[in-house]
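Worksheet: the structure to be examined is printed underneath.
Protein chains in written order, with the numbering used here: chain R, 287 to 486; chain U, 21 to 367.
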């Protein structure tokens, strides 16, 4: 089975934030929650790069390890999902996440964050809701993977900077790009998330 | 820049050396040689100055940038230290907590098996001395009950999924953990109040005195043949007191940083606050386990000091002789017991 991954080709990202908007719309994410965001490094300076970042669906996901109620788990495809029914809103996944992916509906004074929300790779939720049901959609957003589709953020990326899908395939695509154009600033976050680089 | 620059500069310099006329022409035209670097025919290398993840991480533990959304926390693109904190929380803390707390229980069990209960040597006199007033006992028990609740609910965050989750299942455990989290958050306030009261009431009797050295020399009352002198609090109690104050401040400060996330500290600060909070807390639990042991099972006549507030005169003589001597006369009517009335039966 394919191991699902994200890859942002920072040499192509133009900071248009379409991925952010696509994610919010497709998953009807509540106010204040951004499952995906674009960060611009060295803004306005030579060598500036923008990187679109969400949950990277890590190998040995640290959020899943530190969760005190063990409500976060990887699927067979390596997508890291969680159950909002079990989540107690302690915030530990946010402290452990290398990519700032977990989000909470409220600021969280006195431990009142609410249930954690994060990118699901458009693969629905990790709760008991039926796949593709409206209950699942309400809690976790779209389940495009069950429909044979990839995450919308990557699907509608105008420069095809953001890639989502089988890790081996997107790594191959990136490798070919780098060879063809002769440069590449690397697969951002891959070392931290997957313990591997893409050798070019 | 340097790589691309030198490639262009070489032919420029070569051509300059070749023709002096060209040099003069160039100077007359007022064109510096550097301007020719922007030669449109040379290939541009966009990679030459691009920011690289690895280089940024060598410079700082986090990669931060500019973000278009209002949530400024989100401007941290990457913080690989999250993995280190994960390792601390799941490996180091589990082992440290288990070793420190189970180790303390083992030491206490051993102490009980070897030494047994420390008895009142000369037996009970039947006469009582007031050791703790009602308000002192209230302060102690306010802190104590808060501490036990905080300890159990706190340990649940780290060890619950290993101990309780397999026993009661994910749904029940999640409900319990949610409740435990709120108990932990709100009981913290009564712990703070209790600790402030304790410090206000007992600081003056806990400053080190010369007698404390003798107490240690005499084996702290654990050697049956020796008498360890002490004032109102013995040196062991003083150590527990100051440890509780320092550890208490550490867990309170780190705890409130966690309770009001990201007000004063960033993501690294939140991780460090959790590390301080949990390490100090397991040490605190271990010390308080010893405190509970010596106050209940470990010593005859000790618990009533915090129970009824009165201790037996002989217990006081054996464990806090100087306290008894220093006591103002009006507070120790039992020091000069009335001679038994003729005809009265001895108690």
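The beta-carbon is built from N, C-alpha and C at its ideal position, and this holds for glycine as well.
Residue i: first and last residue of the uninterrupted alpha helix (DSSP H) it sits in
i	result
residue 158 (chain U)	154-183
residue 307 (chain R)	304-313
residue 457 (chain R)	453-467
residue 289 (chain U)	287-315
residue 439 (chain R)	438-441
residue 114 (chain U)	113-135
residue 349 (chain R)	348-352
residue 73 (chain U)	73-79
residue 102 (chain U)	101-107
residue 92 (chain U)	No alpha helix (DSSP H) contains residue 92 (chain U), which DSSP labels as neither H nor E.
residue 346 (chain U)	341-346
residue 319 (chain R)	First-last for residue 319 (chain R): undefined, no H or E at that position.
residue 382 (chain R)	378-382
First and last residue of the uninterrupted beta strand (DSSP E) at residue i
i	result
residue 336 (chain R)	335-339
residue 360 (chain R)	358-360
residue 291 (chain R)	290-294
residue 207 (chain U)	Segment 190-226 is the alpha helix (DSSP H) holding residue 207 (chain U); no beta strand (DSSP E) there.
residue 98 (chain U)	96-98
Paired residues, beta bridge with residue i - DSSP
i	result
residue 148 (chain U)	U:332
residue 326 (chain R)	R:336, U:86
residue 367 (chain R)	R:359
residue 403 (chain R)	R:389
residue 429 (chain R)	R:409
residue 319 (chain U)	U:138
residue 473 (chain R)	R:295
residue 278 (chain U)	The partner list for residue 278 (chain U) (beta bridge, DSSP) is empty, contrary to what the question assumes.
residue 450 (chain R)	R:292
Integer-rounded CB distance, given that residue j should sit under 8 Å from residue i
i	j	result
residue 290 (chain U)	residue 137 (chain U)	Contact flag wrong, Cβ pair sits at about 45 Å.
residue 404 (chain R)	residue 432 (chain R)	Their Cβ separation, rounded to whole angstroms, is 18 Å, which puts residue 404 (chain R) and residue 432 (chain R) out of contact at 8 Å.
residue 352 (chain R)	residue 379 (chain R)	7 Å
residue 197 (chain U)	residue 354 (chain R)	6 Å
residue 413 (chain R)	residue 425 (chain R)	7 Å
residue 408 (chain R)	residue 438 (chain R)	6 Å
residue 329 (chain U)	residue 152 (chain U)	5 Å
residue 471 (chain R)	residue 72 (chain U)	6 Å
Taking a cut of 9 Å between CB atoms, which residues from the region 297-311 of chain R lie near chain U? For the region 297-311 of chain R, residues whose beta-carbon sits nearer than 9 Å to a beta-carbon of chain U comprise 297, 301, 303, 306.
Give the residues from the region 320-336 of chain R that approach chain U closer than 9 Å (Cβ to any Cβ), ordered along the chain. 320, 323, 324, 325, 326, 327, 328, 329, 330, 331, 332, 333, 334, 335, 336
Going along the chain, which residues of the region 260-288 of chain U sit with their C-beta nearer than 9 Å to a C-beta in chain R? 278, 279, 280, 281, 282, 283, 287
Should the region 299-307 of chain R be called in touch with the region 323-336 of chain R, which here means at least 3 C-beta pairs below 8 Å? yes
Specify whether the region 386-394 of chain R and the region 221-229 of chain U touch according to this definition: at least 3 beta carbon pairs, one from each stretch, less than 8 Å apart. no
Using a Cβ-Cβ cutoff of 8 Å, what residues of the region 411-422 of chain R are near chain U? List them in chain order. none
Taking 8 Å as the threshold, find out whether the region 147-162 of chain U comes into contact with the region 205-220 of chain U through three or more Cβ pairs. Three or more Cβ pairs drawn from the region 147-162 of chain U and the region 205-220 of chain U lie within less than 8 Å of each other, which places the two stretches in contact.
Cβ contact (3+ pairs, closer than 8 Å) linking the region 293-313 of chain U and the region 258-267 of chain U: yes
When the Cβ atoms of the region 378-387 of chain R are set against those of the region 341-358 of chain R, are three or more pairs found closer than 8 Å? yes
Contact set between the region 86-107 of chain U and chain R, restricted to residues whose Cβ is under 8 Å from the partner: 86, 87, 88, 89, 91, 93, 94, 95, 96, 97, 98, 99, 100, 101, 102, 103, 105, 106
Counting Cβ pairs, one atom from each stretch, are 3 or more of them under 8 Å apart for the region 248-262 of chain U and the region 194-211 of chain U? Two segments are said to touch when three or more pairs of C-beta atoms, one from each, lie closer than 8 Å; by this definition the region 248-262 of chain U does not touch the region 194-211 of chain U.
Three-pair Cβ contact test at 8 Å for the region 442-450 of chain R versus the region 409-423 of chain R: no
Taking any Cβ of chain R, which residues in the region 170-199 of chain U have a Cβ under 8 Å from it, in chain order? Those residues of the region 170-199 of chain U that come within reach of chain R (Cβ to Cβ, closer than 8 Å) are 176, 177, 178, 180, 181, 185, 190, 191, 193, 194, 197, 198.
Please list, in chain order, the residues of the region 288-305 of chain U that have any C-beta partner in chain R closer than 8 Å. 290, 291, 294
When you check each C-beta in the region 374-401 of chain R against every C-beta of chain U, which residues fall closer than 7 Å? 374, 376, 377, 381, 382, 383, 384, 385, 386, 394, 395, 396, 397
If the cut-off is 8 Å on Cβ atoms, which residues from the region 451-483 of chain R count as contacting chain U, listed in chain order? 468, 469, 470, 471, 472, 474, 475, 477, 478
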